[in-house]
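Notes to accompany the following structure.
Residue numbers (our numbering), protein chains in the order written: chain A, 232 to 480; chain B, 571 to 897.
Now the structure itself:
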């Protein structure tokens with residue numbers, strides 16, 4: 232049996248009478264991209280929030296590397312190896328690309344306390360940050376203010392910041408959102424390489440990217456996983472077609 | 571546009587040149603005015619760590635200013651009355667030594683900032699402003715009722731406290747002490763802003779959830795910033811009390827908290843020399859316009875309005891443009 236990196240067991244969350252997460256059990260195995268798809272309002276973001284620790288589930292567990300992390304804060308989960316990218320870019324817009332990336336590396340690599348040394352002159356931090364920026368192809372805009380980046384570059388920066396944590400698993404919430412076809416293609420290639428280092432739980436609306444990348448797909452509709460399977464299995468699934476894919480499949 | 575570092579050097583040069591000129595033409599009052607401006611600048615540089623870097627709008631920084639002031643007042647009062655502060659379980663005497671007073675002021679205001687910060691940082695936005703204001707007012711009213719130390723009338727200290735090797739009663743020598751402290755504080759803050767801590771604090775203001783995702787504890791970073799901020803403002807309070815040789819509950823007033831914010835806003839929020847420029851402009855206006863009309867605050871208000879409406883980043887923003895990114 233392969234080791235499971237990240238798993239949820241019976242995650243349930245209700246907002247009033249609404250069950251936004253209904254007994255959700257999914258897992259993430261080494262080397263895979265597990266795509267989570269579903270119509271708007273299906274509860275994808277709520278599920279991600281519970282996995283990352285910004286929302287507490289009403290019932291169920293989240294396990295990372297076999298350890299129960301359900302009651303850890305988002306911060307502790309990050310340190311435990313959960314690398315996250317945000318649906319809406321969460322970057323310090325006034326700071327440079329490099330500063331944002333160095334910040335990402337601070338928690339894992341550097342100690343921000345008791346040092347008046349400039350952060351950007353810390354070779355360990357800077358090394359990790361620059362390497363991450365090279366991987367996503369942002370090495371030429373390192374000293375640009377983040378606010379001046381294009382939307383696509385910001386999405387790349389999100390990935391670079393997550394990389395600096397050297398995570399055990401990635402959670403990516405719509406990394407392709409708003410990217411042009413060229414941008415999506417680049418990011419698709421990057422994610423393709425990345426899965427070898429750490430598996431990716433990918434929430435994505437871009438079906439081309441999902442079908443090109445995913446080893447497995449889970450379909451979330453009204454808070455329930457209605458199907459999990461390979462790309463071909465999901466494409467062939469009638470229920471999924473009705474609920475979400477429509478003619479695209 | 572002038573480069574910000576050039577402008578900062580120009581301001582430092584002014585802080586040296588004006589008192590030097592005043593001594594040359596025998597205008598000791600100008601030196602005293604400049605001392606007042608420099609002390610306000612130190613207080614505001616302190617606030618700027620919380621407000622500018624951390625985005626924590628504290629309307630209670632007079633608490634730290636006042637604690638610094640009373641640290642000086644109480645220690646010097648006991649020295650001049652020859653009555654120890656405590657006799658049991660051990661004897662603590664008063665002192666007239668500035669370095670000791672500064673140390674006590676910094677430690678006391680740090681502790682106060684730690685407690686106030688721990689409680690206030692559970693909230694944010696308007697609630698944070700209100701809670702810090704409430705703490706400031708608690709100190710204010712406590713000191714009004716603290717009859718052992720003059721209550722509402724405050725405490726007069728007859729002779730300025732001493733600094734080894736200097737005659738602190740000479741205005742220019744006392745100015746030199748205050749200016750050196752300002753320079754030291756500016757150096758520390760500039761290093762702090764570029765350090766890992768500064769990077770994290772700056773990001774915590776902009777995107778707190780990102781900082782948490784990086785595995786850093788946002789609240790703890792903000793609390794540390796608040797404590798450093800309070801300590802610096804407390805040190806300024808001790809100097810201010812020594813300048814006037816007088817402390818009173820007015821040092822704790824919320825108007826004073828507001829004025830410290832005004833210094834920062836006039837000069838430029840989050841700019842290293844913003845608080846210095848703000849304090850200089852404020853003291854100059856207070857002196858020039860205050861001589862013309864009792865209602866000079868109207869003009870101050872007008873200036874503040876113009877700056878807030880038409881400049882991004884205060885007077886420094888007007889002169890130097892947007893904040894440069896450093897790498």
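Here a beta-carbon is modelled for each residue, glycine too, at the ideal position from N, C-alpha and C.
Residue range of the unbroken beta strand (DSSP E) whose run includes residue i
i, result
"residue 459 of chain A", "455–460"
"residue 575 of chain B", "Per DSSP, residue 575 of chain B belongs to no beta strand (DSSP E); it is in the alpha helix (DSSP H), 574–594."
"residue 401 of chain A", "400–404"
"residue 450 of chain A", "447–452"
"residue 254 of chain A", "249–255"
"residue 295 of chain A", "290–295"
"residue 560 of chain A", "Given a span of 232 to 480 for chain A in the structure shown, any question on residue 560 of chain A remains unanswerable."
Residue i, buried or exposed, once every other Cβ within 10 Å from all chains shown has been counted against 16
i, result
"residue 586 of chain B", "exposed"
"residue 728 of chain B", "exposed"
"residue 281 of chain A", "buried"
"residue 357 of chain A", "buried"
"residue 595 of chain B", "exposed"
"residue 461 of chain A", "exposed"
"residue 232 of chain A", "Bear in mind that the predicted position of residue 232 of chain A carries a pLDDT of just 49, short of 50, making it unreliable; the figure below should be weighed with that in mind. By the 10 Å Cβ count, residue 232 of chain A comes out exposed."
"residue 773 of chain B", "buried"
"residue 754 of chain B", "exposed"
"residue 573 of chain B", "exposed"
"residue 879 of chain B", "exposed"
"residue 809 of chain B", "buried"
"residue 371 of chain A", "exposed"
"residue 315 of chain A", "buried"
"residue 579 of chain B", "exposed"
"residue 703 of chain B", "buried"
"residue 672 of chain B", "buried"
"residue 712 of chain B", "exposed"
Unbroken alpha helix (DSSP H) run spanning residue i, endpoints
i, result
"residue 271 of chain A", "Segment: none, residue 271 of chain A is in no alpha helix (DSSP H) and carries neither H nor E."
"residue 236 of chain A", "Counting along the chain, residue 236 of chain A falls outside any alpha helix (DSSP H), and DSSP gives it neither H nor E."
"residue 413 of chain A", "412–425"
"residue 231 of chain A", "Lying before the first or after the last residue shown, residue 231 of chain A is absent from chain A, which here runs from 232 to 480."
"residue 851 of chain B", "844–862"
"residue 313 of chain A", "Per DSSP, residue 313 of chain A belongs to no alpha helix (DSSP H); it is in the beta strand (DSSP E), 313–316."
"residue 783 of chain B", "778–783"
"residue 385 of chain A", "382–395"
"residue 331 of chain A", "328–337"
"residue 829 of chain B", "824–837"
"residue 636 of chain B", "632–651"
"residue 788 of chain B", "788–814"
"residue 759 of chain B", "741–764"
"residue 444 of chain A", "438–444"
heavy atom of the ligand GTP below 7 Å from residue i C-beta
i, result
"residue 445 of chain A", "Here there are no bound small molecules, and the ligand GTP is not part of this structure."
Cβ-Cβ distance between residue i and residue j below 8 Å
i, j, result
"residue 313 of chain A", "residue 363 of chain A", "no"
"residue 874 of chain B", "residue 832 of chain B", "yes"
"residue 883 of chain B", "residue 838 of chain B", "yes"
"residue 731 of chain B", "residue 604 of chain B", "no"
"residue 311 of chain A", "residue 336 of chain A", "no"
"residue 447 of chain A", "residue 263 of chain A", "yes"
"residue 323 of chain A", "residue 777 of chain B", "yes"
"residue 825 of chain B", "residue 691 of chain B", "no"
"residue 836 of chain B", "residue 612 of chain B", "no"
"residue 827 of chain B", "residue 695 of chain B", "no"
"residue 588 of chain B", "residue 600 of chain B", "yes"
"residue 444 of chain A", "residue 451 of chain A", "no"
"residue 701 of chain B", "residue 693 of chain B", "yes"
"residue 807 of chain B", "residue 637 of chain B", "yes"
"residue 401 of chain A", "residue 425 of chain A", "yes"
"residue 327 of chain A", "residue 376 of chain A", "yes"
"residue 471 of chain A", "residue 456 of chain A", "no"
"residue 717 of chain B", "residue 346 of chain A", "no"
Supposed contact pair residue j and residue i - C-beta distance, whole angstroms, cut 8 Å
i, j, result
"residue 853 of chain B", "residue 885 of chain B", "Incorrect: roughly 14 Å between the Cβ atoms, too far for contact."
"residue 396 of chain A", "residue 785 of chain B", "7 Å"
"residue 238 of chain A", "residue 258 of chain A", "4 Å"
"residue 244 of chain A", "residue 277 of chain A", "6 Å"
"residue 634 of chain B", "residue 804 of chain B", "4 Å"
"residue 261 of chain A", "residue 234 of chain A", "6 Å"
"residue 202 of chain A", "residue 351 of chain A", "Any question about residue 202 of chain A goes unanswered here, given that chain A covers just 232 to 480."
Notebook entry, point to check: Counting Cβ pairs, one atom from each stretch, are 3 or more of them under 8 Å apart for the region 717–731 of chain B and the region 817–824 of chain B?
Noted result: yes
Note to self: Quick check: the region 792–812 of chain B against the region 600–619 of chain B, are at least 3 beta-carbon pairs closer than 8 Å?
What the structure shows: yes
Next item on the list: Flag this pair as touching only if the region 373–389 of chain A and the region 403–420 of chain A have three or more C-beta atom pairs under 8 Å; answer yes or no.
Entry: yes
Note to self: Between the region 758–775 of chain B and the region 276–295 of chain A, can you find at least three pairs of beta-carbon atoms closer than 8 Å?
What the structure shows: no
Note to self: For the region 673–688 of chain B against the region 800–811 of chain B, do three or more pairs of beta-carbon atoms, one drawn from each stretch, fall closer than 8 Å, so that the two count as touching?
What the structure shows: yes
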